[in-house]
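> Quick one: structure below, then a few questions.
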Amino acid sequence: MSEYIDFDEMITLLKEEFKIGAFPGKDPEKDETPDRSPFEVLISTVLSQRTKDVNTHKASEALFSKYPSPKDIAEAPLDDIKELIKPSGFYNVKAERVKRIAERIHNEFNDQVPEDIGQLLDLKGVGRKTANCVLVYGFGEPAVPVDTHVHRISNRMGIVEAEKPEETEKALEEKIPKKYWIEINRLMVEFGKNICKPREPLCERCPLTHMCRYYEEVYKDGN
DNA sequence: AACTCGGGGCA
DNA sequence: TGCCCAGAGTT
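If you're matching positions, the first sequence starts at 680 in the numbering used here and goes up one per residue.
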């Protein structure tokens with residue numbers, strides 16, 4: 680099945696379905712062009728980790744309005760950071776990560792977020808998903824951030840067969856034309872939140888059933 | 001590979 | 001008020 684998926688068609692159909700893509704730390708109601716610095720993208724993405732809260736952007740805005748630069752955050756009191764980012768959830772862990780990351784960006788990288796995946800992964804609190812988000816949303820570089828939505832959908836549809844998200848990332852990079860890497864994450868996240876949900880995917884509303892392994896092998900027979 | 005971390009949203 | 005959800009670090 681997966682070898683035969685027409686990614687041009689898939690992307691086109693998803694774009695027709697979802698005009699506004701999700702964006703870590705960005706207000707999903709606003710259709711504006713992302714104009715944030717790589718540092719803002721990095722911090723916002725850390726704040727959005729393990730959060731489906733659509734209000735994560737409020738935490739980013741609160742933090743950056745008081746502490747705009749890496750130096751500001753690095754020198755800010757931890758408790759104040761916690762208070763500001765509270766709306767994003769998991770604020771204790773996230774505040775420590777954000778502060779440590781800001782310290783390193785300021786002290787070791789001259790306030791410039793590295794554009795290198797290895798250097799990004801070296802930051803505590805930055806894994807493959809976050810690092811790839813920084814490349815895509817911060818630098819406009821092609822990368823495939825695999826969150827649970829992308830992982831679930833890819834396996835469910837039969838595009839990949841992978842246990843770990845890292846395997847999914849590798850497989851997707853081989854199969855999906857590079858020109859789509861920039862947008863595939865946003866489209867799949869929207870798709871995953873609205874239709875291809877973790878449980879009980881809404882196949883009756885799905886525009887991709889004709890290219891979906893789950894629909895063909897599981898859903899169709901049971902309905 | 002399995003376990004831990006711990007907060008928001010919703011039935 | 002349980003139950004589901006969301007990545008990265010640690011062991």
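From the three backbone atoms N, C-alpha and C, an ideal C-beta is built for every residue, glycine too.
Quantities reported herein were computed from a predicted structural model and do not represent experimental measurements.
So, with DSSP's three-state summary, where would you put TYR894?
The answer is helix: DSSP assigns TYR894 an H, G or I state.
> If you compare alpha carbons, which of GLU754, HIS828, MET867 is closest to PHE686?
For the residues GLU754, HIS828, MET867, the minimum Cα distance to PHE686 belongs to MET867.
> Leaving out the 5 sequence neighbours to the left and right, which residues in its chain are closer than 8 Å to THR712 when beta-carbon positions are compared?
Low local confidence applies: a pLDDT of 48 at THR712 is under 50, so the model's placement there is unreliable, with the coordinate-based value given in what follows. There are no such residues.
> Is the segment 843-852 in contact with the segment 800-810, if contact means three or more CB pairs nearer than 8 Å?
With the cut-off at 8 Å, the segment 843-852 and the segment 800-810 touch.
> Between which residues of its own chain and CYS891 is the CB-CB distance below 6 Å, once the five residues before and five after are set aside?
Answer for CYS891: MET836, listed in chain order.
> What residues in its chain sit with their C-beta under 6 Å from that of ILE722, if we drop five residues either side in the sequence?
For ILE722, where only same-chain residues beyond five positions count, the Cβ hits under 6 Å are VAL777.
> Would you check if the distance between the CB atom of PRO717 and the CB atom of GLY797 is smaller than 8 Å?
Contact flag unset, no.
> Looking only at its own chain, which residues have a Cβ that is under 8 Å from the Cβ of LEU800, when we skip the five neighbours before and after it?
Contacts found: GLY806, ARG807, ALA810.
> Considering Cα atoms alone, identify which of ILE690, LYS872, ASN771 is closest to THR827.
Checked all of ILE690, LYS872, ASN771; the closest Cα to THR827 is LYS872.
> Alpha helix (DSSP H) containing ASP795: first to last residue?
It is not in any alpha helix (DSSP H) - ASP795 carries neither H nor E in the DSSP assignment.
> Taking the alpha carbon of TYR955 as the point to measure from, which residue in ILE784, ILE838, GLU775, LEU742 has its own alpha carbon closest?
Here the chain has residues from 680 to 902 only, and residue 955 is not among them.
> Can you find at least 3 beta carbon pairs, one from the segment 852-860 and one from the segment 871-886, that sit closer than 8 Å?
The segment 852-860, when compared against the segment 871-886, does not touch it at the 8 Å Cβ threshold.
> Nearest-angstrom Cα distance between GLU719 and TYR894?
GLU719 and TYR894: Cα-Cα distance of roughly 39 Å.
> State buried or exposed for THR691, treating a residue as buried only when at least 16 other CB atoms are found within 10 Å of its CB.
With fewer than 16 other Cβ atoms within 10 Å, it is exposed.
> Below 8 Å between beta carbons: does that hold for HIS785 and LYS750?
In contact: HIS785 and LYS750 (Cβ atoms closer than 8 Å).
> Report the residue from ARG878, LEU887, SER833 whose alpha carbon sits nearest the alpha carbon of ASN864.
The shortest Cα separation from ASN864 among ARG878, LEU887, SER833 belongs to SER833.
> Hey, how far is the Cα of LYS737 from the Cα of VAL813?
For LYS737 and VAL813, the distance between alpha carbons rounds to 19 Å.
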